[in-house]
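In the working numbering, the protein residues as written are 679 to 955. C-beta atoms are modelled at their ideal positions from N, C-alpha and C, and glycine is treated no differently. Fair warning: this is a prediction, and the values are worked out from it, not measured in the lab.
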Amino acid sequence: MIEPQHPGISVARQCALVGLARSSYYAPPQEAVESPQNLALMRLIDQAYLDHPFFGSRQMARWLIRDGHLVNRKRVQRLMQLMGLQATVPGPHTSRPHPERRIYPYLLGHMTIDQPNLVWSTDITYVPMRRGFMYLVAVIDWFSRYVLSWRLSNTLDTLFCIEALQAALQHGVPVVFNTDQGSQFTSTEFTNCLLEQQILISMDGRGRALDNVFIERLWRTVKYEEIYLYDHADGVALHQGLDRYFRFYNTERPHSALGGKTPEQVHQTHGGTTHRH
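What follows is the structure, given as structure tokens:
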């Protein structure tokens with residue numbers, strides 16, 4: 679998709695136009711790192727995790743063994759870490775936030791969300807392809823379920839998350855922005871983008887995926903209606919498929935929680951107003 683020698687458009691601009699993080703353009707493809715056997719296991723782990731997000735590496739290994747796969751916990755643990763997966767039930771071995779990074783409290787427990795741009799949230803998910811895999815980040819409006827922006831990356835870096843955030847901010851400014859406690863979202867580079875806009879930062883409790891339930895539901899929908907269904911061959915096909923799907927999701931797909939309306943209808947009907955505070 680990228681033409682490095684293009685006379686009129688820089689690599690950075692081309693990446694922005696196709697929704698690809700600049701870091702991914704220079705990163706080595708992930709399929710060169712993992713064996714076909716591990717890629718097949720990662721696809722199974724991804725599907726199992728959607729249905730059983732409370733599975734840690736121990737339970738996941740047992741589930742795979744019962745399904746006839748010869749794996750051990752150490753291998754599953756490494757693959758889950760590579761995929762960015764962690765059980766939603768905290769235990770004695772859950773990872774801890776970086777000691778120098780601030781963790782913000784969860785603000786949405788008793789908040790009434792009755793219009794767009796009150797609360798946005800973001801998350802990262804692993805996306806399997808026929809050859810290799812990528813990571814997908816998206817920003818969603820909680821009230822309308824409207825996908826404000828998304829980006830793909832070969833690596834779990836912070837840059838593609840910041841690029842997705844900056845693209846979303848072209849639509850307006852929310853009151854609260856909710857994330858998990860991942861290193862990408864607790865980084866000063868990411869939180870400063872929010873603080874500069876006077877946006878309140880909210881973070882999920884450790885191991886509590888339901889604190890960010892709407893984007894977790896989005897991942898399930900995207901994977902069953904696009905990713906697993908079409909089994910994209912490579913990053914180009916994946917990007918094209920996701921671009922098509924998110925347009926469909928926002929503008930054509932009726933949403934049961936929205937009374938059969940589309941996210942775009944709800945977002946626009948309620949004004950999609952920019953909030954300042």
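Apart from the five residues just before and just after residue i, which ones in its own chain have a Cβ nearer than 6 Å to its Cβ?
i, result
"Leu664", "For the chain, the structure presents residues 679 to 955; residue 664 sits outside this window and is missing."
"Val944", "Ser822 and Leu936"
"Gly769", "The pLDDT assigned to Gly769 is 43, lower than 50, so where the model puts this residue is not dependable, and the model offers no usable value."
"Ser735", "Arg751, Val754, Gln755 and Met758"
"Leu717", "none"
"Ala816", "Val825 and Trp828"
"Pro932", "Gly938"
Would a C-beta distance cut-off of 8 Å place residue i and residue j closer than the cut-off?
i, j, result
"Val851", "Asn928", "no"
"Pro794", "Met720", "no"
"Met758", "Ile802", "no"
"Leu796", "Val854", "yes"
"Asp921", "Arg809", "no"
"Ile781", "Gln859", "yes"
"Leu834", "Gln862", "yes"
"Met738", "Tyr804", "no"
"Asn870", "Asp882", "no"
"Leu907", "Asn856", "no"
Counting C-beta neighbours from all protein chains within 10 Å, is the total for residue i 16 or more, i.e. buried, or is it exposed?
i, result
"Gly938", "exposed"
"Lys752", "exposed"
"Ser831", "buried"
"Glu930", "exposed"
"Thr940", "buried"
"Tyr727", "buried"
"Leu814", "buried"
"Glu942", "buried"
"Ser934", "exposed"
"Ser880", "buried"
"Gln848", "exposed"
"His788", "exposed"
Could you give the DSSP three-state label for residue i: helix, strand or coil?
i, result
"Trp897", "helix"
"Met807", "coil"
"Leu834", "coil"
"Arg736", "helix"
"Ala915", "helix"
"Asp745", "coil"
"Thr772", "Unreliable placement is indicated for Thr772, whose pLDDT of 33 sits below 50; the coordinate value is still reported in the next sentence. Thr772 falls in the coil class under three-state DSSP."
"Ser827", "strand"
"Leu786", "coil"
"Leu814", "strand"
"Asp819", "strand"
"Asp724", "helix"
"Ala710", "Note that Ala710 scores a pLDDT of 48, beneath 50, so its modelled location is shaky and nothing firm can be said."
"Glu930", "coil"
"Tyr704", "Confidence at Tyr704 is low in this model, with a pLDDT of 48, below 50, so the placement of that residue should be treated as unreliable; the coordinate-derived value is given next. Reduced to three states, the DSSP call for Tyr704 is helix."
"Glu841", "helix"
"His945", "helix"
"Leu847", "coil"
"Leu763", "coil"
"Glu867", "helix"
"Gln793", "coil"
"Arg922", "helix"
"Thr940", "coil"
Between residue i and the rest of its own chain, which residues show a CB-CB distance below 8 Å, the 5 nearest in sequence each way excluded?
i, result
"Ile818", "Trp798, Ser799, Thr800, Tyr824, Val825, Leu826, Phe892, Ile893 and Leu896"
"Arg898", "Leu728"
Using C-beta distances below 7 Å, list every residue in its chain close to residue i, excluding the 5 sequence neighbours before and after it, in chain order.
i, result
"Glu867", "Thr836 and Ile840"
"Thr947", "none"
With DSSP as the reference, identify every bridge partner of residue i, one or two as the case may be.
i, result
"Phe855", "Trp798 and Ile879"
"Tyr902", "Tyr902 is not bridged to any residue."
Determine whether the Cβ of residue i lies closer than 8 Å to any Cβ atom of chain B.
i, result
"Val805", "In the structure shown, chain B cannot be found, because there is only a single protein chain."
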